[in-house]
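Asks: Taken in sequence, the protein lines are chains A and B.
Position in the first sequence (first residue = 1) + 162 = my numbering.
Position in the second sequence (first residue = 1) + 162 = my numbering.
Each residue gets a CB set at the ideal place from its N, CA and C atoms; glycine is no exception.
Protein chains: 2
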Amino acid sequence: MNVEVIAIGTELLLGQIINTNLATIGRALAEAGLDTYRQVVVGDNLDRLSQAIRQGLDDSDALILTGGIGPTQDDITREGICAATGLEMEYSEDWAARLEAWWAARNREMPANNYQQAQHPAGAVLIDNPRGTAPGLDLAVEGKRIFAMPGVPAEMELMLHGHVIPALIELGGGPAVLRSRVLRSYGMGESKVAELLADIFERQTNPTMAFLASAGEIKVRLTAKASTIEEADALIAPVEAAVRERLGTVFGADDETVEQIIFDALQARGWTIGTAESATGGMVAAALTAIPGASNYVRGSVVAYATEVKEQVLGVDTETLGAGVVSEPTAIAMASGAREVLGADVVVAITGSAGPDPQERDVGTIVIAVATPEDARARTLDMPGDRERIRTYATTAALQLTRLAVTGEWW
Amino acid sequence: MNVEVIAIGTELLLGQIINTNLATIGRALAEAGLDTYRQVVVGDNLDRLSQAIRQGLDDSDALILTGGIGPTQDDITREGICAATGLEMEYSEDWAARLEAWWAARNREMPANNYQQAQHPAGAVLIDNPRGTAPGLDLAVEGKRIFAMPGVPAEMELMLHGHVIPALIELGGGPAVLRSRVLRSYGMGESKVAELLADIFERQTNPTMAFLASAGEIKVRLTAKASTIEEADALIAPVEAAVRERLGTVFGADDETVEQIIFDALQARGWTIGTAESATGGMVAAALTAIPGASNYVRGSVVAYATEVKEQVLGVDTETLGAGVVSEPTAIAMASGAREVLGADVVVAITGSAGPDPQERDVGTIVIAVATPEDARARTLDMPGDRERIRTYATTAALQLTRLAVTGEWW
């Protein structure tokens, strides 16, 4: 079964928002063992939308559409489906009543605009939208299937997992399993990783191998196709072992994020954590607290952006600061000071020059220190790119050095 | 001139990374007044890539490709162009020498793999990549133009703005100007905004109107086409005035982010700012410090994740905390305490229950307080969605309430 995805919205073509739905839908299809060969983005234009739907129906077994089913006048997905398939548009009192009930349950009056959401191509079934006003639709046509969902990610996701993926799996009659294993490596560039794995790559059939780079982390993805999860896993296992041995820098797999590995190590040692941030301005704390259950480990953070905050809140002494705000002694003093202030066992501290103007050191100089109950060490790094890139890479580096410290590997 | 964009990478189809390049390229094309009607994503598969390139060449005047030109074995964009156009693959000693020079300039030896990047479809011109090892390519074929760039966003962007967009503008012979104005509104839902603007929307021709929702902010985009920037702006101005009057909730336009408006207000009053965060864990501080020049205004932040940090670092008294950690008195005490600790004139404080497990109050209850030299007020909000969504919406709300406080509008 081959499923094509079409995202609809001129704002996507104009780049005014980043399309996260394509990734969300792609991941859900892959996990369900459903093939997807093409994703298409078109604007709020009836001709081009209808042409994309027509081609998608011709080239695939099922179509997933997102966007363009809201209550506003530029929402033309319903019309696009009719134009591509020749189906009539129908107005359903039942759909209107369900929309009214949605608003009534929230003690609000339904705006007149929203009645247009009771229109749908003949034969479509309504998909409930608990999180928003736009219902989705599920349509069997030409022996194939079209699903239309809202473009708002939170609303789309709920429908995707609650209705669309189960319907596709049922339609496929229990598909082959596509199973991916992502090995996460840090500390080695992409081309070096590829070179070390070149012969495995050349021989690949099942599993296949691909490389992904993101903010300093290199991921090696192995994807196997089989009739059961167990068979797929058995195909992946020996290749995974070889990759781990060759690289020596694989720190986790799949959802084993660096944050989760840090928390597991903290759990094992009964430690808590905090951060002391200058250049990253709270990004490391935000990353750690993004993980559910963070409150078991994270005490807090001091973002010491102004030099006086480094001195007065973190207790970094004037002499150390005078010798260099962006320096290893300052980073270590920030980490040690924050351990006291926050009552945390482990603190990672980041100071540096993120640009656009140099602050004491060249733009891209980032100093990271980690202090634990056992030791405190720092490292100076040189990051390429602009402010956003430097802050993002510095956040990754801070988390990775924290991992090495809390697992006792250090550097 | 109509430019099609094709992004290449199985990792995109499988949803293992989010495709930000489509948005970046879309924005750059729109700003240059170049039309784009379709974006396509295909995997690392030679047949399907070559088919997409073939169709893109047939349907558009120029093609922008990203991804698949790296040094690894799954990088097949060069082959895809040859397959689609019938051009021969050439190996260029000159390209190889330029790649070697890139590595030599960084005192590193070029890995053997990277020599494959000296291969290119016959007639292609190399585009320099100062940020990475993969050169781009620029090819005139069939009276049209194909540009291939790396998939790594930072490398792609530099080539896009440095080479591709200028080449396309030259090719188009000075195109019509497509000018967008984005009006940013906060405090009113998307369907209400659409209802208030319904008659303007119905009458739209030039400028066109579209609505975008992102993390609580609703954007109204007006896009005008004309032969000069001045003409386009004159078309937009009266519609913009009408939208601002109807809604009454427009706080900024285009790049006037809420962060920038806050900084401008702080500048006018000679104030500095800090944050005291629990549920958002540093996200508000990270957002403020993302703006270049933040160090002129931001003193720092205390992320008080553990209750004891609220008490010991921020000085929130036991009685207040006992009456409710997620409460307006606690939020105001956090903000007031952080003003002292950080030496900041203004502090925004956030406490709440982000889930997945409730913390004292229902998941989604977020309390935000802002303290300034003049006043301190709090507001309790109820946010729908999961942990990530709640934290993101809470960050937006915190910034918006801060804006109202520092501009003296309050609530």
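1. Taking the DSSP output, what are the residues bridged to residue 282 of chain B?
2. What span of residues does the beta strand (DSSP E) with residue 456 of chain A cover, start to end?
3. Considering only residues of the same chain and omitting the five flanking positions on each side of residue 262 of chain B, which have a CB-CB separation below 8 Å?
4. By the 10 Å Cβ neighbour count, where 16 or more other Cβ atoms means buried, how is residue 492 of chain B classified, buried or exposed?
5. Of the residues A:517, A:367, A:501 and A:543, which one's Cα is nearest the Cα of residue 510 of chain A?
6. Residues of the segment 213 to 235 of chain A with a CB closer than 8 Å to any CB of chain B: list them in chain order, please.
7. Using a Cβ-Cβ cutoff of less than 7 Å, which residues in the same chain neighbour residue 320 of chain B once the five nearest sequence positions on both sides are dropped?
8. Under DSSP, the beta strand (DSSP E) around residue 469 of chain B begins and ends at which residues?
9. Over the uninterrupted beta strand (DSSP E) stretch that includes residue 370 of chain A, give me the two end residues.
10. Can you have a look at residue 297 of chain B and say buried or exposed, based on whether 16 or more other CB atoms are within 10 angstroms of its CB?
11. Leaving out five residues before and five after residue 375 of chain B in sequence, what residues of the same chain have Cβ atoms less than 7 Å from its Cβ?
12. Can the beta-carbon of residue 434 of chain B be found closer than 8 Å to that of residue 459 of chain B?
13. Please state the DSSP three-state secondary structure of residue 353 of chain B.
14. With which residues is residue 515 of chain B paired in a DSSP beta bridge?
15. Apart from the five residues just before and just after residue 380 of chain A, which ones in its own chain have a Cβ nearer than 6 Å to its Cβ?
16. Can you tell which of A:370, A:423 and A:316 has its C-alpha closest to the C-alpha of residue 398 of chain A?
17. Would residue 203 of chain A pass as a contact of residue 174 of chain A if the rule is Cβ separation under 8 Å?
18. Out of A:167, A:176 and A:341, which has the shortest C-alpha to C-alpha gap to residue 344 of chain B?
19. Determine contact between the segment 402 to 411 of chain B and the segment 528 to 546 of chain B, defined as no fewer than three beta-carbon pairs at a distance below 8 Å.
20. In this structure, does DSSP put residue 538 of chain A in helix, strand or coil?
21. Can you give the beta carbon distance from residue 232 of chain B to residue 166 of chain B, rounded, assuming they're within the 8 Å contact cut?
22. By how many angstroms is the C-alpha of residue 476 of chain B removed from the C-alpha of residue 486 of chain B?
23. Compare the C-beta of residue 457 of chain A against all C-beta atoms of chain B and say whether one is closer than 8 Å.
24. Between residue 145 of chain B and the rest of its own chain, which residues show a CB-CB distance below 8 Å, the 5 nearest in sequence each way excluded?
25. Check each candidate in B:241, B:514, B:495 and B:471 and name the one with the smallest Cα separation from residue 482 of chain B.
26. I think residue 528 of chain B touches residue 556 of chain B, with their Cβ atoms under 8 Å apart; what is that distance to the nearest whole Å?
27. DSSP has residue 436 of chain A in a bridge; who is on the other side?
28. Show which residues of chain B have a CB atom less than 8 Å away from the CB atom of residue 199 of chain A.
29. Per DSSP, what are the beta-bridge partners of residue 309 of chain A in this structure?
30. Given that residue 354 of chain A touches chain B, what residues does it touch there, using C-beta distances under 8 Å?
31. Starting from the N-terminal side, write out each stretch of the alpha helix (DSSP H) that is 4 residues or longer and does not extend beyond the segment 175 to 242 of chain A.
32. Any beta carbon from chain B within less than 8 Å of residue 327 of chain A's own beta carbon?
33. Which same chain residues end up closer than 7 Å to residue 473 of chain B when comparing Cβ atoms and leaving out the 5 residues on each side of it in sequence?
34. Classify residue 361 of chain B: buried if its beta carbon has 16 or more other beta carbons within 10 angstroms, exposed otherwise.
35. Does residue 363 of chain A have its Cβ less than 8 Å from a Cβ in chain B?
Replies: Looking at the atomic coordinates:
1. Indexing the second sequence from 1 puts residue 282 of chain B at position 120. Residue pairing by DSSP places residue 282 of chain B opposite B:252 in a beta bridge.
2. Counting from one through the first sequence, the residue named residue 456 of chain A turns up at place 294. For residue 456 of chain A, there is no enclosing beta strand (DSSP E), as DSSP marks it with neither H nor E.
3. Counted from its first residue, the second sequence places residue 262 of chain B at position 100. Excluding positions up to five away in sequence, the list reads 272.
4. One-based indexing of the second sequence puts residue 492 of chain B at position 330. Counting other Cβ atoms within 10 Å of its Cβ, residue 492 of chain B reaches 16 or more and is therefore classed as buried.
5. Reading the first sequence from its first residue, position 348 is the one you call residue 510 of chain A. Comparing alpha carbon positions, the residue from A:517, A:367, A:501 and A:543 closest to residue 510 of chain A is A:501.
6. Cβ proximity to chain B below 8 Å picks out 214, 232, 233, 234 and 235 from the segment 213 to 235 of chain A.
7. The residue you call residue 320 of chain B lines up with position 158 of the second sequence. Once the five neighbours on either side are set aside, the close Cβ partners of residue 320 of chain B are 292 and 293.
8. Taking the second sequence and counting its residues from 1, the one referred to as residue 469 of chain B is at position 307. Where residue 469 of chain B is concerned, there is no enclosing beta strand (DSSP E), although the alpha helix (DSSP H) it sits in stretches over 469 to 474.
9. Position 208 of the first sequence holds residue 370 of chain A. Taken as a continuous stretch (DSSP letters only), the beta strand (DSSP E) holding residue 370 of chain A covers 370 to 376.
10. Taking the second sequence and counting its residues from 1, the one referred to as residue 297 of chain B is at position 135. Buried.
11. To locate residue 375 of chain B, count along the second sequence from 1; it is residue 213. For residue 375 of chain B, where only same-chain residues beyond five positions count, the Cβ hits under 7 Å are 352.
12. Here residue 434 of chain B is taken as the residue at index 272 of the second sequence, counted from 1. Here residue 459 of chain B is taken as the residue at index 297 of the second sequence, counted from 1. Cβ distance < 8 Å, so residue 434 of chain B and residue 459 of chain B count as in contact.
13. Within the second sequence, residue 353 of chain B is the residue found at index 191, counting from 1. The three-state reading of DSSP puts residue 353 of chain B in helix, counting H, G and I together.
14. Taking the second sequence and counting its residues from 1, the one referred to as residue 515 of chain B is at position 353. DSSP output for residue 515 of chain B lists no bridge partner at all.
15. Numbered from its first residue, the first sequence carries residue 380 of chain A at position 218. Result list for residue 380 of chain A: 347, 352 and 355, in chain order.
16. In the first sequence, the residue the question calls residue 398 of chain A occupies position 236. When each option's Cα is compared against that of residue 398 of chain A, the closest is A:370.
17. Along the first sequence, read from residue 1 onward, the residue named residue 203 of chain A stands at position 41. Along the first sequence, read from residue 1 onward, the residue named residue 174 of chain A stands at position 12. With a cutoff of 8 Å on beta-carbon distance, residue 203 of chain A and residue 174 of chain A are scored as near each other.
18. Here residue 344 of chain B corresponds to residue number 182 of the second sequence, with the count starting at 1. The shortest C-alpha separation from residue 344 of chain B is found at A:176.
19. No, because fewer than three Cβ pairs between the segment 402 to 411 of chain B and the segment 528 to 546 of chain B fall closer than 8 Å, the two stretches do not touch.
20. As a working mapping, residue 538 of chain A is identified with position 376 in the first sequence. Here residue 538 of chain A sits in strand by DSSP.
21. Position 70 of the second sequence, counted from the start, is the residue given in the question as residue 232 of chain B. Position 4 of the second sequence, counted from the start, is the residue given in the question as residue 166 of chain B. Taking the Cβ atoms as the reference, residue 232 of chain B lies roughly 22 Å from residue 166 of chain B, outside the contact range of under 8 Å.
22. Indexing the second sequence from 1 puts residue 486 of chain B at position 324. Indexing the second sequence from 1 puts residue 476 of chain B at position 314. Their Cα atoms are separated by approximately 16 Å.
23. As a position in the first sequence, residue 457 of chain A is number 295, starting the count at 1. For residue 457 of chain A, a Cβ of chain B is located within less than 8 Å of the residue's own Cβ.
24. With chain B represented from 163 up to 573, any question about residue 145 of chain B goes unanswered, as that position is not in the structure.
25. Translated into the one-based positions of the second sequence, residue 482 of chain B becomes position 320. Looking only at B:241, B:514, B:495 and B:471, the smallest Cα-Cα distance to residue 482 of chain B is reached by B:495.
26. On the second sequence, residue 528 of chain B is found 366 positions in, with the first residue counted as 1. On the second sequence, residue 556 of chain B is found 394 positions in, with the first residue counted as 1. In this structure, residue 528 of chain B and residue 556 of chain B form a Cβ contact; the two beta carbons are roughly 4 Å apart against a cut-off of 8 Å.
27. Residue 436 of chain A sits at position 274 when you count from the first residue of the first sequence. According to DSSP, which records beta bridges pairwise, residue 436 of chain A is partnered with A:462 and A:509.
28. Position 37 of the first sequence, counted from the start, is the residue given in the question as residue 199 of chain A. Annotation: Cβ neighbours of residue 199 of chain A in chain B (cutoff 8 Å, chain order): 175, 204, 205, 207 and 210.
29. Here the question's residue 309 of chain A lines up with position 147 in the first sequence. For residue 309 of chain A, which the question treats as bridged, DSSP gives the partners A:226 and A:300.
30. Sequence index remark: in the first sequence, residue 354 of chain A carries index 192 (1-based). Chain B residues near residue 354 of chain A: 273.
31. Entirely contained in the segment 175 to 242 of chain A, the alpha helix (DSSP H) runs reaching 4 residues are, in chain order, 183 to 193 and 208 to 221.
32. Within the first sequence, numbered from 1, the residue matching residue 327 of chain A stands at position 165. Interface annotation, residue 327 of chain A: not in contact with chain B, CB-CB separation never under 8 Å.
33. For the purposes of this step, residue 473 of chain B is identified with residue 311 of the second sequence, where counting begins at 1. In chain order, 480 and 483 place their CB closer than 7 Å to the CB of residue 473 of chain B, counting only its own chain and leaving out the 5 sequence neighbours on each side.
34. On the second sequence, residue 361 of chain B is found 199 positions in, with the first residue counted as 1. By the 16-neighbour rule on beta-carbons within 10 angstroms, residue 361 of chain B is exposed.
35. Working through the first sequence from its first residue, we reach residue 363 of chain A at position 201. With 8 Å as the cut-off, residue 363 of chain A counts as an interface residue toward chain B.
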